[in-house]
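**Student:** Note that the working numbering has the sequence shown beginning at 1, numbered continuously upward. Think of the CB as a built atom: it goes at the ideal place given N, C-alpha and C, for glycine as much as any other residue.
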Amino acid sequence: MCQKNQLLLMKAQKINITDSAVFISDLHLTDNASNNIFLNFLEHSSVLTNNLFILGDLFDYWVGDDSGMYSNEISALREFGEQKNIYFIHGNRDFLIGRNYFRENQITILDDETQITLGHHRVLLMHGDTLCSDDSDYQAFRKEVRSKKWQENFLAKKLDERISIASDLREQSKKLNLNKPENIIDVNEKTVNSVIEKNPPIEILIHGHTHRQNTHRYNAFTRFVLGDWKENQGNYLIWKEAKGFEFKTFS
Ligand code: MN
Numbered sequence: 001m002c003q004k005n006q007l008l009l010m011k012a013q014k015i016n017i018t019d020s021a022v023f024i025s026d027l028h029l030t031d032n033a034s035n036n037i038f039l040n041f042l043e044h045s046s047v048l049t050n051n052l053f054i055l056g057d058l059f060d061y062w063v064g065d066d067s068g069m070y071s072n073e074i075s076a077l078r079e080f081g082e083q084k085n086i087y088f089i090h091g092n093r094d095f096l097i098g099r100n101y102f103r104e105n106q107i108t109i110l111d112d113e114t115q116i117t118l119g120h121h122r123v124l125l126m127h128g129d130t131l132c133s134d135d136s137d138y139q140a141f142r143k144e145v146r147s148k149k150w151q152e153n154f155l156a157k158k159l160d161e162r163i164s165i166a167s168d169l170r171e172q173s174k175k176l177n178l179n180k181p182e183n184i185i186d187v188n189e190k191t192v193n194s195v196i197e198k199n200p201p202i203e204i205l206i207h208g209h210t211h212r213q214n215t216h217r218y219n220a221f222t223r224f225v226l227g228d229w230k231e232n233q234g235n236y237l238i239w240k241e242a243k244g245f246e247f248k249t250f251s
C-alpha cells in the first residue's frame, strides 16, 4: 500500500477508548536537563493506562527531526509506544516534530482538533493556542510559522543556525516570561463555543497551553484545561471507565 493510502486509512480510523486514558501537556522539556520527572512519569503511566495523550509543548523547542536532541526522552517514548498507544498533538513550541519521525518512534501525531471517544463521552482534543484568539500578534506569528513555506525555509538551514535561532527565540521569551500563565492570554469564550459548535456532538474539550489547570463546566459541555509541569512536579488528567475524570499530580 502506498504511503498516502496508509495516511488516509489512519485518518479514517476513529480512536475509541473503553478502559482508560491519560492526558498531559506543557512539560516544556529542555534538551540540557535530565527530565527525570518525565522519564519516571512514563514508567508510572505504563501501569496507569494503555493510552497516553500528549497535547503539545512536550518539548520547549524542536529544531528538526535530525537534531539528535532529546534522545533519552525519545527512546523512553519509543519503549512506551512499543507496548502502549501514544498520541501527540503539536504545541506552539514543538510544532516542527515530523509525523514520520514520530511514527518511527511509535508515536501517532493527531491533528489539532481531533475527536475521540472515551466510553460514551465524545471528546475533542486540542493544544489550545488557537483558542487564545484575543492575542492577535501571536495568531499572526502562528500563521506564519505553521506555513509550509516558513517551515521548509527554516528546516533547510544548517543545524547550528536553527539551534541559534531557536535559542534567540527562547532568550526573548525568557526575558518576557512568555511561558508564565499571566503572560499567556487566556482562551476567548466565543472561540471555545464556535469550536464546540463546529464539532458536534462534542461534550468534552481537553486542551492545554494556557497553564491554567481547571475544570470549566458549561451548559452543554465541559472543558478540562491541563496544567504545565514544574521541574519536580507534573500533573495529568486521567479518565477511567469506572471513575470518570480526575486531575492528579505526580512527583
Ligand atoms: Mn503552548
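Are the Cβ atoms of Ile-89 and Ile-107 separated by less than 8 Å?
**Tutor:** It is not a contact, given that the beta carbons lie outside the stated cut-off.
**Student:** Inspect the beta-carbon positions of Glu-73 and Phe-38 and report whether they are closer than 8 Å.
**Tutor:** Contact flag set, yes.
**Student:** Apart from the five residues on each side of it in sequence, which residues of its chain come closer than 7 Å, Cβ to Cβ, to Asp-134?
**Tutor:** Answer for Asp-134: Ile-185 and Asn-188, listed in chain order.
**Student:** Taking Asn-16 as the reference, which of Glu-241, Pro-181 and Glu-43 has the closest Cα?
**Tutor:** Among Glu-241, Pro-181 and Glu-43, the Cα nearest to that of Asn-16 belongs to Glu-241.
**Student:** If you measure from each CB to the nearest heavy atom of the ligand MN and keep those under 5 Å, what residues do you get, in chain order?
**Tutor:** The answer, residue by residue, is Asp-57, Gly-91, Asn-92 and His-209.
**Student:** First and last residue of the alpha helix (DSSP H) that includes Gln-83?
**Tutor:** Looking at the DSSP string, the run of the alpha helix (DSSP H) that includes Gln-83 is 71–83.
**Student:** At a cut of 8 Å, does the segment 129–145 reach the segment 205–221 through at least three beta carbon pairs?
**Tutor:** Cβ pair count under 8 Å is three or more, so yes.
**Student:** Pick from Ser-251, Gln-115, Glu-161 and Arg-146: whose alpha carbon is nearest that of Ile-97?
**Tutor:** Of the listed residues, the one whose Cα sits closest to Ile-97 is Arg-146.
**Student:** Evaluate Arg-223 with the Cβ neighbour count: other Cβ atoms within 10 Å of its Cβ, from every protein chain shown; 16 or more gives buried, anything less gives exposed.
**Tutor:** It counts as buried.
**Student:** Buried or exposed: which applies to Arg-217, given that a residue is buried once 16 or more other Cβ atoms fall within 10 Å of its Cβ?
**Tutor:** Flag for Arg-217 reads exposed.
**Student:** Count the other CB atoms within 10 Å of the CB of Val-225; is the residue buried (16 or more) or exposed (fewer)?
**Tutor:** Its Cβ being crowded by 16 or more others within 10 Å, Val-225 is buried.
**Student:** Could you tell me the alpha carbon to alpha carbon distance between Glu-246 and Val-195, rounded to whole angstroms?
**Tutor:** Distance between the alpha carbons of Glu-246 and Val-195 is about 24 Å.
**Student:** Taking the CB atoms as reference points, tell me whether Ser-45 and Val-63 lie closer together than 8 Å.
**Tutor:** The answer is no: Cβ separation not under 8 Å.
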